[in-house]
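Residue numbers (my numbering): 13 to 233. Report on the following structure.
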């Protein structure tokens, strides 16, 4: 029997008009049936799949890249290492100087979580929409060198707004089949442990370049 010591939900909620990428249509929720009339409730959710907590597949940037349903499901489960970047400046590129202190902790096959504190800002402010710290090219290259399989961040994107949603971080990661996990809810509670088991399976959307994720950090006894 497996005993679980702690579980942390790392996902941001989806709801009507929730925050998302500034140039995308807002998320909407409508009701196709309501209990007083129909005897049951059924909702319709209209969203860009790169809204809320989600992952990017190589197809997001590369026409010949793997789509969500083509990535082996095992890639979305594994050991995760939180990196404490709380206090980092708005729009600051995350590079080698931020990551090197964790060089001995990051192992091949790990999923790295870049904890900038930005999930606490989730809302409709300029801070959240345009000024999150992001992964630089050299930071992405460092992570590829460490042979990680996934990289998560609590901002809207792994890349910066000024870079146009991603280049070069997306390009470096996705060309090496390292999947980004974006708009996570990463809190200081993650630093109660050095390593977690992460479950971050996306919806099985056939032919898509991204998909919503319910990300959960688990610590076993």
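Cβ atoms here follow ideal geometry from the backbone N, Cα and C, with glycine treated the same way. Every value quoted in this text rests on a predicted model; they were computed, and no experiment measured them.
- Distances from the alpha-carbon of residue 32 to those of 65, 228, 15 put 65 closest.
- The distance from the Cβ of residue 198 to that of residue 22 is about 6 Å, consistent with a contact at the 8 Å cut-off.
- In the DSSP annotation of this structure, the continuous segment of the alpha helix (DSSP H) that includes residue 109 starts and ends at 108-111.
- Between the C-alpha atoms of residue 79 and residue 115 there is a straight-line separation of about 30 Å.
- By the Cβ-count criterion, residue 161 is buried, with 16 or more other Cβ atoms from all chains shown falling within 10 Å of its own Cβ.
- Following the DSSP letters along the chain, one finds residue 182 inside the alpha helix (DSSP H) bounded by residues 181-187.
- Following the DSSP letters along the chain, one finds residue 58 inside the beta strand (DSSP E) bounded by residues 54-58.
- Cα atoms of residue 90 and residue 208: separation of roughly 8 Å, rounded to the nearest angstrom.
- Cβ atoms of residue 126 and residue 163 come within 8 Å of each other, at about 7 Å.
- Taking the C-beta atoms as reference points, residue 87 is found no nearer than 8 Å to residue 154.
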